Amino acid sequence: AVPTSIMVGSGRAAELGVLFRKGDALQELRSVDMVVFDKTGTITKGQPELTDLVTAEGFTQNEVLALVAAVEGRSEHPIAEAIVRAAEEKGLAVEPATGFQATAGYGIEAEVAGRRIAVGADRFMEKLGLSVASFAEAAGRLGDEGKTPLYAAIDGKVAAAIAVTDPIKPGSAAAIAAMKEMGLTVAMVTGDNRRTAEAVARQAGIDRVVAEVLPDGKVAAIHELRAGGRKLAFVGDGINDAPALAEADIGIAVGTGTDVAIESADVVLSGGALSGVADAIAVSRATIRNIK
Ligand code: ADP
Ligand code: MG
444 AVPTSIMVGS
454 GRAAELGVLF
464 RKGDALQELR
474 SVDMVVFDKT
484 GTITKGQPEL
494 TDLVTAEGFT
504 QNEVLALVAA
514 VEGRSEHPIA
524 EAIVRAAEEK
534 GLAVEPATGF
544 QATAGYGIEA
554 EVAGRRIAVG
564 ADRFMEKLGL
574 SVASFAEAAG
584 RLGDEGKTPL
594 YAAIDGKVAA
604 AIAVTDPIKP
614 GSAAAIAAMK
624 EMGLTVAMVT
634 GDNRRTAEAV
644 ARQAGIDRVV
654 AEVLPDGKVA
664 AIHELRAGGR
674 KLAFVGDGIN
684 DAPALAEADI
694 GIAVGTGTDV
704 AIESADVVLS
714 GGALSGVADA
724 IAVSRATIRN
734 IK
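The sequence shown begins at 444 in the UniProt record's numbering and counts up by one.
See below:
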């Protein structure tokens, strides 16, 4: 009776767009009591857009945007695409960047037209010994709106605060409400700014947030959240989610995610919708009930 129930359960899950990559995931999911989500590309669409560019005195918006876009042209971060697109839409002349360097979780740097450009989070500016104090109020406001504040430095001066916004997927809030209804604790882990993360979590209905996590810090975040013997599922899409997907009791990859994430996961949601997480757990609970 066991194999038949599992087959029926897997079939039912497949109809709901949930694929079990590893044998015992269907049995194990039923005892999960906490679901932890990555933010960018998992809860949000993963397609940010540039919304604000506030310059310091002595710099113009177009000048800063052209220089920043030149550096971002070398980056593969979703933020980079948003900035490059914004410069293209304005028809700005973007010069080549040389000596490009990315610091994961912080930001990027390069030389453009003989000037040294750095773009990234507040902690990146701090790392470079630059103060963002003059933009602190604006950045806080942008964060509270769910936007990610970034900074651009030109030749060692903070020249602008830039914001990108990455809206949550239309179904994320409903999917999370369904999980809470099932008695699950829901949390979010992200490298993004704390205030931004908290605003996005509010929109999605998530109560627990771990923000400003460095790319290699998601596994440690999972260990902390799991303290107290919880059984935890992690849901993510990115290359830097792979270790967390492997470390969680159950790793769930978003089908629109990277190959590396999918290969590290036990369960894959076809498409990007998060409703599959609650569906998968519900199918698991029902399947195991049938076996007993
Ligand atoms: P996440 O996937 O949550 O965005 P990351 O670790 O990739 O986390 O990035 C963390 C932060 O580092 C970003 O929110 C941003 O502030 C900064 N950052 C990373 N890459 C870039 C980039 N190419 N341009 C500007 N900022 C960047
Ligand atoms: Mg992501």
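Where is the CB? At the ideal position from N, CA and C, for every residue including glycine. Please read these numbers as outputs of a predicted model, since none were measured by experiment.
> Apart from the five residues on each side of it in sequence, which residues of its chain come closer than 6 Å, Cβ to Cβ, to isoleucine 611?
Replying inline: If we look at isoleucine 611 and ignore the five residues flanking it on each side, its Cβ neighbours are Ile486, Thr487, Gln646 and Ala647.
> Ordered along the chain, which non-local residues of its own chain (more than five positions away) have a Cβ less than 8 Å from that of alanine 704?
Replying inline: Cβ within range, chain order: Gly679, Asp680, Gly681, Ile682, Asp684, Ala685, Leu688, Ala696 and Val697.
>> For arginine 566, tell me which candidate among Glu492, Ile560 and Val575 has the shortest Cα-Cα distance.
In response: For arginine 566, the closest C-alpha among the options Glu492, Ile560 and Val575 is that of Val575.
> Exposed or buried, what is asparagine 733 when buried is set at 16 or more other beta-carbons lying within 10 Å of its beta-carbon?
Replying inline: Counting of Cβ neighbours within 10 angstroms places asparagine 733 among the exposed residues, the total staying below 16.
> What number of angstroms, rounded off, separates the C-alpha of valine 497 from the C-alpha of methionine 568?
Replying inline: Distance between the alpha carbons of valine 497 and methionine 568 is about 16 Å.
> Whose beta carbon lies closer than 7 Å to any heavy atom of the ligand MG, going through the chain in order?
Replying inline: Listed by chain position, these are Asp481, Lys482, Thr483, Gly484, Thr485, Gly489, Gly679, Asp680, Gly681 and Asp684.
> Are the stretch 611–629 and the stretch 646–665 touching, with three or more C-beta to C-beta distances below 8 Å?
Replying inline: Touching, per the Cβ criterion.
> Should serine 518 be counted as a contact of the ligand ADP given a C-beta to heavy atom distance under 7 Å?
Replying inline: Taking the Cβ of serine 518 as the reference point, at least one heavy atom of the ligand ADP falls within a distance shorter than 7 Å.
>> Tell me the rounded alpha-carbon separation between threonine 628 and aspartate 476.
In response: Rounded to whole angstroms, threonine 628 to aspartate 476 spans 6 Å at the Cα level.
>> Just verifying my parser: in three-state terms, what is the DSSP assignment at glutamine 470?
In response: Glutamine 470 sits in a helix when the DSSP states are folded into three classes.
>> If you follow the beta strand (DSSP E) that lysine 600 is in, where does it begin and where does it stop?
In response: Note, lysine 600: beta strand (DSSP E), 600–608.
>> Just to confirm the assignment, what range does the beta strand (DSSP E) spanning glycine 586 have?
In response: Membership of glycine 586 in any beta strand (DSSP E) is not indicated; the residue belongs instead to the alpha helix (DSSP H) covering 579–587.
>> Cutting at 8 Å between CB atoms, please list the residues of its own chain near alanine 716, excluding the five before and the five after it.
In response: Gly460, Lys612, Gly614 and Ala618.
>> Tell me the rounded alpha-carbon separation between arginine 669 and glutamate 552.
In response: The alpha-carbon separation between arginine 669 and glutamate 552 amounts to approximately 36 Å.
>> Helix, strand or coil, according to DSSP, for glutamine 646 in the structure here?
In response: DSSP places glutamine 646 within a helical segment (H, G or I) once states are collapsed to three.
>> Once DSSP output is grouped into helix, strand and coil, what is the label at proline 521?
In response: The answer is helix: DSSP assigns proline 521 an H, G or I state.
> What residue range is occupied by the uninterrupted beta strand (DSSP E) comprising leucine 717?
Replying inline: In the DSSP assignment, leucine 717 falls outside any beta strand (DSSP E), carrying neither H nor E.
>> Judging by CA-CA distance, which residue of Lys465, Glu458 and Val451 is the nearest neighbour of serine 707?
In response: With distances taken between CA atoms, serine 707 lies nearest to Lys465 out of Lys465, Glu458 and Val451.
> Would residue 395 be called buried (16 or more neighbouring beta carbons within 10 Å of its own) or exposed?
Replying inline: Outside the modelled stretch of the chain, which goes from 444 to 735, sits residue 395, for which no answer is possible.
> Since glutamine 504 is in the alpha helix (DSSP H), which residue starts that stretch and which ends it?
Replying inline: Start and end: 504–515.
> DSSP puts threonine 546 in a beta bridge; with which residues?
Replying inline: Answer is Gly550, bridged to threonine 546.
>> Please identify the residue among Ala691, Pro446 and Glu458 whose C-alpha is closest to the C-alpha of serine 713.
In response: Measuring C-alpha to C-alpha distances from serine 713 to each of Ala691, Pro446 and Glu458 identifies Glu458 as the nearest.
>> Using 8 Å as the cut-off, can you tell me whether the stretch 588–601 makes contact with the stretch 632–639, which would need three or more C-beta pairs spanning the two stretches below that distance?
In response: Here the stretch 588–601 lies against the stretch 632–639, with 3 or more beta-carbon pairs under 8 Å apart.
> Tell me which same chain residues have a C-beta within less than 7 Å of the C-beta of valine 527, skipping the five on either side of it?
Replying inline: Counting only Cβ-Cβ distances below 7 Å, and skipping sequence neighbours, we find Ala512, Glu515 and Gly516.
>> Let me check one thing: in DSSP terms, what residues is glycine 694 bridge-paired to?
In response: In the DSSP output, where bridge partners are listed per residue, glycine 694 has Phe677.
> Whose CA, out of Arg651, Arg455 and Asp587, lies closest to the CA of alanine 606?
Replying inline: Cα-wise, what sits closest to alanine 606 is Asp587.
> Closest by CA to glycine 583, which one among Ala564, Lys570, Asp598 and Leu571?
Replying inline: For glycine 583, the nearest C-alpha among the options comes from Ala564.
> Roughly how far, in whole angstroms, is the beta-carbon of alanine 561 from the beta-carbon of glycine 550, given that I think they are within contact range, below 8 Å?
Replying inline: Sure, about 6 Å apart at Cβ, within 8 Å.
> serine 448 and threonine 730 look like a contact to me (Cβ under 8 Å); what is the Cβ gap, rounded to whole Å?
Replying inline: Contact between serine 448 and threonine 730 holds, since their C-beta atoms are separated by about 5 Å, short of 8 Å.
>> Please determine whether the Cβ atom of residue 745 lies at a distance below 7 Å from any heavy atom of the ligand ADP.
In response: As displayed, the chain neither begins before 444 nor continues past 735, which places residue 745 out of reach and without an answer.
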